[in-house]
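Those protein sequence lines, which keep their order, are chains A and B.
For the first sequence, my numbering begins at 1 and goes up steadily by one.
For the second sequence, my numbering begins at 1001 and goes up steadily by one.
Quick reminder that beta carbons are idealized off the backbone N, C-alpha and C, glycines included.
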Amino acid sequence: MHRQRMTTLGVATLWLVGGVTAIAQDGRPATTAAEAFFEAKIRPVLVSHCYQCHSDSAKKTRGGLKLDSRSALLAGGDNGPVIVPGSAEKSLLFKAVSYHDKKLQMPPKGKLPDAVVADFRKWIDMGAPDPRVPKAASYVQTKIDLAKGREYWAYRSPKKPAIPTIRGSEWPRTDVDRFILATLMQSKLKPVKDADARSLVRRLYFVLTGLPPTPEAVTTWTSRIDGAVSAVARRDAIGRLVDELLASPRYGEHWGRHWMDVARFAESTGGDANNILLHAWRYRDYVIDAFNADKSFDRFIIEQLAGDLLPFSSDKEFAANVVATGFLACGVKLVAEEEGRRFFADLVDEQIDATTRAFLATTVACARCHDHKFDPIPQTDYYALAGIFRSTQTHFGLMKAQARQTTPLLDLTGLGLPEIGRQISLAQLAQLRDKRDKALKHQEETLAKMRAGEAVPQSVWLRSRTDRDRTQVAYQIYDDKGNPRVFAMGVQDQEFPVETRLLSRGEVDKPGAKVPRGFVQVITKTGEHLLPSTIKGSGRLELAKWIASPDNPLTARVIANRVWQHLFGRGLVRTVDDFGKTGEPPTHPELLDHLAIRLVEHKWSIKAFIREIVLSRTWQLSSEFDESNFALDPENRFLWRMSSRRLTGEQIRDAMLLVSGNLVVKRPLGTFLTSVGEGTIGRSVNEPDIRKIESNHRSVYLPRVRNVLPELLELFDAPDASLVMGARETTTSPLQSLYLMNSPLVRRQADGLARRVKDAGDPFGVAHELAFGRPATARERKFEAAFVVNFTKAARSETLSADDLQRRCLEAYCHALLCSAEFRILD
Amino acid sequence: MSKSNAGLMCRRDTLKTLSAGFGYLAFAGLATLQAQPRSPLAARAPHFLPRAKRVIFLCMHGGPSHLDTFDYKPALRRDNGRSSRYAGSALCSSPWTFRPRGQSGLWISDLYPHLAQHADELCLLRGMHCDNPSHSQAFVQMHTGNFQFVRPSLGAWALYGLGTESDSLPGFISINPPTGVGGAQNFGSAFLPAVYQGTRFNIADSSQRSRPVDIARRGPANPFGLNHVRNEHLSPSLQRVQLDLVQQLNREVLDRTGQAPLVEGAIESFELAFRMQEAVPRVMDLSTESRETLALYGIGSELTDGFGRQCLLARRFAEAGVRFIELGHGTWDQHNNLREAMARNAGNTDKPIAGLIADLKRRGMLQDTLILWGGEFGRTPHSPDGDGRDHNHTGYAMWMAGGGVKGGFSYGATDEHGYEAVENKMHIHDWHATILHLLGLDHERLTFRHASREMRLTDVSGTVARDILA
């Protein structure tokens, strides 16, 4: 059924340029006579008339096209394939040599004799026989010992470990605790005391939803937890809070953002010409929805890699599945690259890197140019995966005037996804069409003038192209009834699988032996790593299922470790994106296996998995310091306490907005970048226009433009989305402090907080409680009193009314609370 | 952590736990913190004795023509108008006269009358080449060594290797970098900890930055070059009262928890920020400079004011202990209008650069300041229309001065017309290796573990050009 659906799936062609084209392998074997014809009639012509610009030895390959090997000839150039074996009429090459089309005439110095042109027709019509074999770069037989490689811990299937029995201790509550305590005891460490209810409530709110609790929530839950009549009742009370938070839509926004770090999600291409991606937000919302719906993680994997290939029961499900493949489309792209083949190779490389690191914490992309230096991944494994992604079309859609490399977007209109914008009248639609036509005409006229030798300033020419594209976009975002169309980024299968050759040193000009499509051998049963030859399509769905299988030794471990990291601040394997030899080994290998198996037992439910861990005693430890433990384990690798951590930039901003009363929790529709429009940042899009976008929505909804991240997020270590980044840095810089002290955003929140509390009986005390989720201590009250005195004294030189003084003093106090370390540190 | 482990603690760990602490330990009075490593920004000893302590990179983006500036080609004059190796365009000799300059007799064109007076300080690199003729890719490669992946910038590597000597300014400053061509990547830290990333200063430039189109694209220049330097709301004394409260609250957390590197880092960073509020406006305020000095840099003349300000600021940052300073000027992309645009570009920068060299020299700073000049590539010897040149990455020129390089020296050469580097070729990797070497850093030992590899600025390449070392 889904195949049928695919054919009706319209593909918007407005940004179409063929950078990515499927090459169907012609099946016709060339006969000896045919090859002789090539040698006698065709090859000499190619050598003397074409190689100068279209060969390996050419100074600069024109149009990305090479004609000096069979594979290069079939691969075509920047404009796509140049020959359709069997049909000269359909072949660009023939069109060029026949000199019929004024825009495409080759060789440029003059038409070939008619007899030679006729030879070309004959040759292509007979199937373009071509005996030339590329000088296969000799592939050095891999020295990797896969059998030995399979013995590495991460490549063996998780084994259900025995739960450690702890005699004479009442401490453990869950199996997680038993593993942790066993290791602590071995290391002569003792767990510190449990966190108090207030800290626990704050921790649960921040970790599960990314937002602080309101003082009311703190009071309610603290009294429920502390008021519990038994240990069991206490645990039940905490469990109820966990359930409530996991059910909150705020959960998906927070944990979805975690995944977006891994998915290197952004709304611009980054790279050499940073272009806005106006439709990336659909993937963002898909991720948030998936977490909120607690989509099983194996299903989540398959949808992101191959949602377009899944069966479906409704249009809406189909559309959502396609949006999920935005995962493969949202990476960094070098859209200013001139050579289509290199762009495509880099695109595939980026997809391999993102896929293998995100789901398998394995750096397969290291094997692009040679066998992996550290892990048992031969170079052929890379090209086996490359074959799958090369057989896939990636749709990201950019304006042709702005990017040398563009592909169409996917059109999902009418399938039940939210629409952006309102319906317009037919008259308005006609206006847009007229504008488009005018701009197109102007651009064509400009081009004609230039062709005729008239001096046209470059700016006029560029403007005409941009106008053409902008008006085209403005028109084509509506269907013929004036309804807004729904576009998405994502992937589709090529019409035919693309043959893939190993590239010596990863260079597109140095093809070697053919590599059949398949998976990473060392984590596949011997002999089962190749795609069956019978499969139709790219093999992406098979790849997705192979990754999402409980038999894959890495997948469950990797996501279990990622979740653990977000709960504890660091993973059991600290290098969350690298489980290879150069990563770090797990601190608790058996616990990691236990968790991986539990996750699968929970049917890959992330919520159930989180619930199990946060209800452990280990997770509920306090963060208090202990000198003797610290002396033995200063990094808290063995979890004798909860590690304090700094909140993420998103949490800091969201918490400030919440505390000030300014936070808008409703999800905005679409992206705020709509106001900016499409184009290249620094050229047709102005950076200040992105920076000035203001919103009181949660940070996950702010524009995520590579190199132009919202200032606060950038300063507080939000990743720039250039690659998979499962673990953020925590840096401290003076620019952060300048921002906190002096930026309008923080001041607005301080003023908001002051306004919120000013009419309270004890405004300073209430503000403190709102900011920190706890009342001020006696000493803090003394600091506060001293502050008021000193502020009043220092303000004497400024002539302020008593009211103004009071207001400003309270504002400055609130501002200090937002600046203080406790506000952004979670115990 | 055992003692032996402590020694293995990598810089990344240091950063994560410590942040920008500047000896706050004594202040906190916590015995348990004795093992804390130093600030990741504290000045560090290089691998070996350095020839330069700091770098000023005069970055000319767009690809300045070597054939009209520093690479004299008599054969190009001889063959002017003949067909080039590219059909359809003819060889084009430089419209400017070259002359031997100084004691050394380096050939420099009349585009640089002021700079030419310092010929004996210059070390011309005339055999440069890189891997790509597109602006963005070549520009990113010039800064990071790699145009394919996001990699740390040269300045970030220098800061990572050496730390900084300023406690009130960032250690890596990039003034007016171009917004396109890779943007923030060019002063980014990529996988290096973010403290090593360059801080972008936006400096008003009367010759360029006041163009409405630039203001639209980048935003108006800030008189302090940085955002949020001034508190518009509280006087310094009121702000100090506020900051005292912040720090009291922070110290309470420290007292309560016993050990909290994050809090310590916050305390230090607020103090540095507070100092920057005062230091940044001071260093940006050129009114304390003498009229003679301002004139030396060409400040006050329309043609040279913009870049003159940048150059003078570079000296002031250098004096303040900043490790790596990059200045931006462009665009030098003269496909057409070569005569006029080259004259304007050179005119913008000639006097300011000469002023910078002279000023550093008289202050005794030239010997340990490495000055770099150049762009992402050069231009072709042929011209599409007789008044412009196309991109040429296979052979072009850059230069160095000061900090341990031979003065009045020319290294490397292109072919007779200037198409390709043919002698003592210097790839961008070699350029990077040489710069690090001058700073006392071995480019093969300056590594950072990322994506399972010990990453280097020079990847697996790079040869130090020992011939140019003084």
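Which residue from A:L817, A:I597, A:S248 puts its Cα closest to that of L1249 of chain B?
A:L817
Using a C-beta cutoff of 7 Å, does G828 of chain A count as contacting chain B?
The structure shown does not extend to residue 828 of chain A, since chain A is modelled only from 1 to 827, so the question has no answer here.
Looking at C-alpha atoms only, which residue of B:R1099, B:P1352, B:H1432 is the closest neighbour of L1058 of chain B?
B:P1352
Quick one: is L1360 of chain B buried, meaning 16 or more other Cβ sit within 10 Å of its Cβ, or exposed?
buried
Roughly how many whole angstroms lie between the Cα atoms of D1110 of chain B and R1099 of chain B?
7 Å
From Q492 of chain A to D101 of chain A, what distance separates their C-alpha atoms?
32 Å
Below 8 Å on the Cβ atoms is my guess for P734 of chain A versus S1269 of chain B; work out the distance and round it to an integer in Å.
5 Å
Pick out whichever of A:V460, A:D578, A:V176, A:A306 has its Cα sitting closest to the Cα of A727 of chain A.
A:D578
Taking 7 Å as the CB-CB limit, is F791 of chain A close to chain B?
yes
Any C-beta of chain A within less than 9 Å: which residues of the region 1434 to 1447 of chain B qualify?
none
Flag this pair as yes or no: are the beta carbons of I1056 of chain B and I1357 of chain B separated by less than 7 Å?
no
With respect to the beta strand (DSSP E) encompassing G1328 of chain B, which residues constitute its N-terminal and C-terminal limits?
1324 to 1330
Looking only at its own chain, which residues have a Cβ that is under 6 Å from the Cβ of G1321 of chain B, when we skip the five neighbours before and after it?
E1165, S1166
Selection of the region 1407 to 1418 of chain B by Cβ proximity to chain A, strictly under 9 Å
none
So, helix, strand or coil for K41 of chain A, using DSSP?
helix
What does DSSP give as the partner residues of L104 of chain A in its beta bridges?
A:D101
For the alpha helix (DSSP H) that contains T1199 of chain B, what are its first and last residues?
Taken as a continuous stretch (DSSP letters only), T1199 of chain B belongs to no alpha helix (DSSP H), being part of the beta strand (DSSP E) at 1199 to 1201.
Measure from the C-beta of S1136 of chain B to each C-beta in chain A and report whether the shortest distance is under 7 Å.
yes
Near Y1196 of chain B, which residues of its chain fall below 6 Å by C-beta distance, leaving aside the five closest residues on each side in sequence?
A1156, L1159, Y1160, S1189
Given that a residue counts as buried once 16 or more other Cβ atoms are within 10 Å of its Cβ, and exposed if not, what is L1234 of chain B?
buried
Classify I1267 of chain B as buried or exposed, calling it buried when 16 or more other Cβ atoms lie within 10 Å of its own Cβ.
buried
Can you tell me whether DSSP reads C1311 of chain B as helix, strand or coil?
helix
Does P688 of chain A get closer than 7 Å to chain B when you measure Cβ to Cβ?
yes
Using a cut-off of 7 Å between C-beta atoms, extract the partners of A1184 of chain B located in chain A.
N707
What residues of chain B sit near H815 of chain A, judged by a beta carbon separation below 8 Å?
Q1242
Let me know if V788 of chain A comes out buried or exposed under the rule of 16 or more other beta-carbons within 10 Å of its beta-carbon.
buried
When you compare the CB positions of D1068 of chain B and S1104 of chain B, do they come within less than 7 Å of one another, or not?
no
Spatial neighbours of K193 of chain A within its chain, please: C-beta separation below 6 Å, excluding the five flanking residues on both sides.
S622
Using a C-beta to C-beta distance shorter than 7 Å, which residues of chain A count as neighbours of H1233 of chain B?
R747
By DSSP, does S190 of chain A sit in helix, in strand, or in coil?
For the record, residue 190 of chain A in the displayed sequence is Lys; it is not Ser. Coil, per DSSP.
Assuming P688 of chain A is part of the alpha helix (DSSP H), what are its boundary residues?
687 to 691
What in chain B is Cβ-close to D285 of chain A, meaning under 9 Å?
By Cβ distance, chain B contributes nothing, its closest Cβ being about 26 Å from D285 of chain A, past 9 Å.
When you compare the CB positions of G518 of chain A and L531 of chain A, do they come within less than 7 Å of one another, or not?
yes
Can you find a C-beta in chain B that's less than 7 Å from the C-beta of I646 of chain A?
Checking the sequence, you will find Arg at residue 646 of chain A rather than Ile. Judged by the 7 Å Cβ criterion, R646 of chain A is in contact with chain B.
Taking only three categories from DSSP, how would you classify N1424 of chain B?
coil
Alpha-carbon to alpha-carbon, W1332 of chain B and E151 of chain A:
57 Å
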